[in-house]
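Here is the structure we will look at.
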Amino acid sequence: MREILFFQKVFKEKMWGSDRLKTLFDMNIPSDHTGECWVISGHPSGQTEVLNGTFAGWTLQDIWGKRRDIFGHIEGEEFPLLVKIIDACDDLSIQVHPDEHYAMSKPKDVFPKTECWYILDCEDGAEIILGHKAQTREDFEQMVRQGKWEELLQKIPVKKGDFVYVPSGTVHALTTGILVLEIQQSSDTTYRLYDYDRLENGVPRELHIEESLEVVRVPHSIENQMIQVETYPHATKSILTETPYFSVYKFDIDGQVSLHQDKPFMIMGVVEGAGSVDGYPVKKGDHFILPCDYGDFVLEGTMSLIASTKE
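So this is what it looks like as structure tokens:
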């Protein structure tokens with residue numbers, strides 16, 4: 001189908017949110033506590049609607065259910081990916097997500113979640129929590145029960161432009177000042193391990209200690225992502241990751257380049273600069289989908305885009 005799909009954004013207010021989505025992306029956010037912007041979603045908790053063309057007013061899940069040919073007839077009850085921008089004005093809770101095996105053994109409302117982050121902005125010296133230092137499951141549980149978080153949690157430095165892969169079972173958290181583009185399996189199943197003893201509306205936030213202990217990877221191991229770079233006239237393509245859950249690419253454009261879309265679908269989002277896609281003007285913060293069999297398309301301008309798909 002030769003039609004680019006643009007979507008209405010869905011915003012989520014969070015206790016750790018801010019107004020940075022407005023100041024950096026000129027988004028019409030609901031409040032100065034906006035923590036997430038769901039830019040591409042078929043998830044029931046926040047479905048994005050098409051803004052243009054033949055499917056204007058349809059949700060992404062509507063199209064997925066009624067016109068699967070647009071996505072290459074790939075299988076699944078729900079659109080497989082969820083893409084969001086997360087603004088961490090404060091430390092996020094320490095959390096972990098289940099994998100496929102665990103989710104299949106539980107009720108239908110438990111879904112696996114592997115995700116990744118592209119760091120859009122952060123302060124100098126920023127760190128994220130990624131993994132832990134326990135060598136056995138017994139040691140992990142003991143440090144959790146005793147609240148030895150400094151001993152347990154593993155921190156790694158990050159900077160703007162970094163890419164971080166977060167497989168299911170990985171203890172992780174964003175920290176104050178970090179802004180990311182998150183690409184994940186379409187799941188909202190999160191097990192909160194620790195939340196700094198914070199109160200929300202005067203009540204401690206719910207923790208999921210037992211579930212976390214069941215799904216966490218022990219010992220933690222970092223999966224090295226070897227980034228490959230392909231060079232074209234006026235563009236480079238970086239292969240950030242290719243997994244069974246999703247593939248993610250970065251395109252850096254300086255001029256005009258013709259590319260070919262031969263995936264079941266391709267989600268693209270502008271993370272820096274501005275330009276056009278087949279004549280449609282796009283700027284930082286804009287996201288869209290190129291459907292299956294879209295074929296050749298032209299990107300023009302000075303901009304960087306993050307693209308994702310699932311095959």
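Counting along the sequence shown from 1, when you hit position 246 you're at 246 in UniProt numbering, and nothing is skipped either side. No residue lacks a Cβ here, since even glycine has one placed at the ideal position from N, Cα and C.
Asked, Found
"Which of helix, strand or coil DSSP assigns to PHE6", "strand"
"Local Cβ density within 10 Å of GLU78, reported as buried at 16 or more and exposed below that", "buried"
"Validate contact between the segment 205-221 and the segment 131-138 using beta carbons, cut 8 Å, 3 pairs", "yes"
"Three-state secondary structure assigned by DSSP to GLU211", "helix"
"Length of the line joining the Cα atoms of VAL10 and ASP19", "15 Å"
"Length of the line joining the Cα atoms of GLU100 and GLY255", "42 Å"
"Complete beta strand (DSSP E) runs within the segment 103-130 (minimum length 3 residues, chain order)", "115-121"
"Rounded separation between TYR191 and THR54 - CA only", "39 Å"
"Backbone CA spacing between MET268 and TRP58 [nearest angstrom]", "19 Å"
"LYS155 - containing beta strand (DSSP E), residue span", "153-157"
"Pairwise C-alpha distance: TYR294 and VAL257", "16 Å"
"Proximity of LEU81 and PRO291 at Cβ, strictly below 8 Å", "no"
"Exposed unless 16 or more other CB atoms sit within 10 angstroms - verdict on LYS142", "In the sequence under discussion, the amino acid at residue 142 is Gln, which differs from the Lys named in the question. Exposed: under 16 other Cβ atoms inside 10 Å."
"ILE86 beta carbon near the ligand FAD (any heavy atom closer than 7 Å)", "Judged by which ligands are present, the structure shown has none, so any question about the ligand FAD falls away."
"Distance, GLN146 Cα to GLU230 Cα", "49 Å"
"Secondary structure of THR189, DSSP reduced to three states", "coil"
"Beta-carbon contacts of ARG205 that lie in its chain and below 8 Å, excluding the five residues immediately before and after", "SER93, ARG192, ASP195, ARG198, LEU199"
"Counted within 10 angstroms of its Cβ, other Cβ atoms place GLY202 as buried (16 or more) or exposed", "exposed"
"Neighbour-count burial assignment, GLY275, 16 or more Cβ in a 10 Å radius", "buried"
"Secondary structure, alpha helix (DSSP H): runs of 4+ residues fully inside the segment 136-181", "137-145, 149-152"
"Whole-number beta carbon distance between VAL158 and GLU127, since they are thought to touch under 8 Å", "7 Å"
"GLN287 - partner residues in DSSP beta bridges", "It is worth fixing the name first, because residue 287 is His in this sequence and not Gln. In the DSSP output, where bridge partners are listed per residue, HIS287 has GLY269."
"Euclidean distance between Cα positions of LEU240 and ALA56", "32 Å"
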